[in-house]
Structures are given as structure tokens and as C-alpha cells.
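In this note's numbering, the protein residues as written are 30 to 211. Read through the structure below, which is laid out as C-alpha cells, and then see the notes.
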């Protein structure tokens with residue numbers, strides 16, 4: 030059984046993967062918005078890039094799109110669905126690779142287990158099936174890290190860890206992939 034078949038119960042609708050309408054997001058206790066009055070449309074099946082200097086709000090924008098930060102004003106839609114109404118279901122079709130993910134050298138998790146956690150977020154980690162593990166190894170192969178599958182992630186270089194985390198984001202076969210300073 031594949032991940033798509035068991036986790037996603039939303040119809041992909043609309044021409045846009047992401048649509049923001051007059052969105053403003055504030056951090057707790059702040060009087061000024063971190064992002065203000067942002068409107069944008071990202072068409073489905075496209076590659077888009079948001080660029081700007083440090084502190085411009087790129088990470089805040091990504092976290093707002095995913096619903097990790099709730100906008101104070103405006104509307105966020107993913108494939109035509111309003112995040113305020115269906116955030117939990119919408120997140121199941123998304124993957125996010127944050128900019129800060131370095132694992133300490135003492136981190137005991139094996140590379141394959143770290144990638145499997147990308148599937149486990151949709152179900153019990155201890156209940157992964159043979160098909161799930163096939164998807165894990167496929168994702169590791171895709172990013173060139175299959176030969177490291179039995180190695181602790183903390184023993185890898187920063188660049189290798191980044192590839193493992195990319196495999197973790199890809200293993201779910203997301204409809205929307207958000208990468209923060211990949």
C-alpha cells in the first residue's frame with residue numbers, strides 16, 4: 030500500500046498549489062508583522078523560488094503557508110483548500126525541509142530510520158510495512174545516500190545530513206515540497 034492511498038482524502042483543485050490573499054503574520058508579542066499584506070499565486074506543477082536578504086521573512090512565509098504560523102489576517106489556500114478549515118489534511122500532502130536540521134554527532138538514529146520518520150508522521154512508526162521501507166530506500170537512492178542507510182545520521186557531514194533530510198521530505202511523495210535554504 031502506498032502512502033498516497035492511505036493518507037490523502039482531499040481533492041486537488043484549482044490551478045494554484047499555493048495562494049495567499051492579503052496575508053499578514055505576526056510573531057507572539059510583536060507589534061509589527063513579520064510579513065505584511067502578502068498576496069501571491071504559485072501555479073501547480075511549477076518550481077518557484079523566494080529570494081531575499083536575511084530577516085526578510087522567507088522562513089516566516091513558508092511556515093505561514095504550511096500553517097505552522099497562523100496569519101492574523103488574510104487567507105492561505107493549498108490546492109484550493111483553505112488552511113483554516115482543513116490544515117491537518119492539507120499538511121499530509123506537503124513536505125517541509127527547514128533550514129536548521131543539523132544532528133549532533135551523538136544522534137543515534139540510523140539514516141534509514143530518519144527517512145522513515147517522514148512516513149511515520151502519517152502513522153505509527155513501529156507499524157511500517159514492507160512497501161514503506163521500499164519507499165525509504167527509493168528516496169535514499171534518489172538523493173544518492175542509499176549506501177549510508179545503516180549509518181547513524183550524526184556521523185555524516187552537514188551536506189550528507191541535508192541529503193538525508195531531503196530524502197525524508199521526498200519519501201512521502203508530497204504534492205507540495207517547501208525547502209528553506211536547501
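Beta carbons are placed, not taken as given, at the ideal position from N, Cα and C, and that holds for glycine.
Query: Of the choices 180, 184, 156, 145, whose alpha-carbon is the least far from that of residue 199?; Result: 145
Query: May I have the straight-line CA-CA distance separating residue 47 from residue 137, to the nearest angstrom?; Result: 36 Å
Query: DSSP state of residue 111, grouped into three classes?; Result: strand
Query: Quick one: residues in its chain with C-beta nearer than 7 Å to the C-beta of residue 95, no 5 flanking neighbours on either side, listed in chain order?; Result: 120, 123, 125, 207
Query: Helix, strand or coil: how does DSSP classify residue 54 here?; Result: strand
Query: What is the C-beta distance between residue 157 and residue 196, in whole angstroms, given that I count them as a contact (C-beta under 8 Å)?; Result: Their Cβ separation, rounded to whole angstroms, is 15 Å, which puts residue 157 and residue 196 out of contact at 8 Å.
Query: Since residue 103 and residue 51 should fall inside the 8 Å C-beta cutoff, what is the C-beta to C-beta distance between them, to a whole number of angstroms?; Result: 4 Å
Query: Helix, strand or coil: which one does DSSP assign to residue 184?; Result: helix
Query: Going by the CB atoms, is the gap between residue 116 and residue 73 shorter than 8 Å?; Result: no
Query: Go ahead and label residue 60 buried or exposed: buried means 16 or more other beta carbons lie within 10 angstroms of its beta carbon, across all protein chains shown.; Result: exposed
Query: Return the CA-CA distance between residue 184 and residue 171, expressed in angstroms with no decimal places.; Result: 20 Å
Query: Excluding sequence positions up to five away, which residues of its chain have a Cβ less than 8 Å from the Cβ of residue 34?; Result: Summary for residue 34: the model assigns pLDDT 41, below 50, so the residue's position carries little reliability; its value from the coordinates is reported in the next sentence. Answer for residue 34: no residue qualifies.
Query: Return the chain-ordered list of same chain residues with a C-beta closer than 6 Å to the C-beta of residue 209, the five sequence neighbours on each side being excluded.; Result: 88, 91, 127, 128
Query: Might you give, ordered along the chain, the residues of its own chain that have their beta carbon closer than 6 Å to the beta carbon of residue 81, omitting 5 neighbours on each side?; Result: 87
Query: Could you tell me if residue 75 is buried or exposed, where buried requires 16 or more neighbouring beta carbons within 10 angstroms of its beta carbon?; Result: exposed
Query: Less than 8 Å separating the beta-carbons of residue 69 and residue 49?; Result: yes
Query: Measuring only the C-alpha atoms, how far is residue 161 from residue 79?; Result: 32 Å
Query: If the criterion is Cβ atoms closer than 8 Å, does the pair residue 194 and residue 140 meet it?; Result: no
Query: To the nearest angstrom, report how far apart residue 191 and residue 148 are at their CA atoms.; Result: 18 Å
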